[in-house]
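**Q** Numbering (the UniProt record's numbering), first residue to last: 1 to 168. We put the CB at the ideal spot given by N, CA and C, even for glycine. Pasting a structure below so you can have a look.
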Amino acid sequence: MTKEREEMANREEEMQTIIQRLKDSLSQRSSSDEETRLSRRSNNSSPNVENGQFAPPSGLNRRSFRIRGGSSSNADALNALEGRSPGASLADELSELNDTENENDQYRRLEGELKSARIRKSFAKDQNKALTLYINKIIERLLQHQDFEAILDSDFKTGDTKGPVNKD
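Right under this line is the structure:
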């Protein structure tokens with residue numbers, strides 16, 4: 001189980017580095033695109049009233065729309081690099097979610113078993129303490145009698161009346 005976790009951690013780390021490289025390349029592309037847009041744009045950024053132009057040229061809007069469309073293709077490429085295909089990604093995510101739920105259920109079950117084992121262990125310890133105290137009290141009572149050796153004799157026979165007789 002720990003081997004699987006290590007493999008998953010290594011794979012996740014590799015994926016994170018790939019994602020970071022892709023993000024860096026995307027940011028470099030977007031910054032280079034902005035530089036080219038800025039160099040194509042006129043130096044006067046305020047609207048030119050003399051030319052009758054109050055809004056930026058329509059070419060800029062089209063270009064930014066193309067860039068936005070390109071970002072979705074970049075996201076598709078990122079998904080492909082991560083091993084997710086666009087059509088099956090939802091099914092894959094659901095199956096991964098189901099797998100993690102099963103793992104969570106197993107973890108909770110094992111955690112519950114561990115708690116119950118700890119409770120049983122604590123209960124057994126308490127029972128052992130109680131039995132020890134009970135046995136100690138019995139031994140103390142036996143030691144109070146004068147002929148306690150006869151009571152504790154291992155050769156004691158059931159028909160032998162040598163033991164103390166209760167006179168109550």
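1) Closest by CA to Leu-78, which one among Leu-143, Lys-23, Asn-136?
2) Looking at the structure shown, is Asp-147 part of a helix, part of a strand, or coil, going by DSSP?
3) Tell me whether the beta-carbon of Asn-104 lies closer than 8 angstroms to the beta-carbon of Leu-26.
4) By Cβ distance below 7 angstroms, which residues in the same chain neighbour Phe-65 in space, the five residues on each side in sequence not counted?
5) Measure the alpha-carbon distance for Asn-98 versus Arg-109 and round it to whole angstroms.
6) Any idea what DSSP makes of Asp-99, helix, strand or coil?
**A** Reading it off the structure:
1) Check the Cα spacing between Leu-78 and each of Leu-143, Lys-23, Asn-136: the tightest is with Lys-23.
2) When DSSP states are grouped into helix, strand and coil, Asp-147 belongs to the coil group.
3) Their beta carbons are not under 8 angstroms apart, which means Asn-104 does not touch Leu-26 by this criterion.
4) The predicted position of Phe-65 is uncertain, since its pLDDT is 48 and thus under 50; no value can be drawn from it.
5) Answer to the nearest angstrom: the Cα atoms are 16 angstroms apart.
6) Three-state DSSP puts Asp-99 in a helix.
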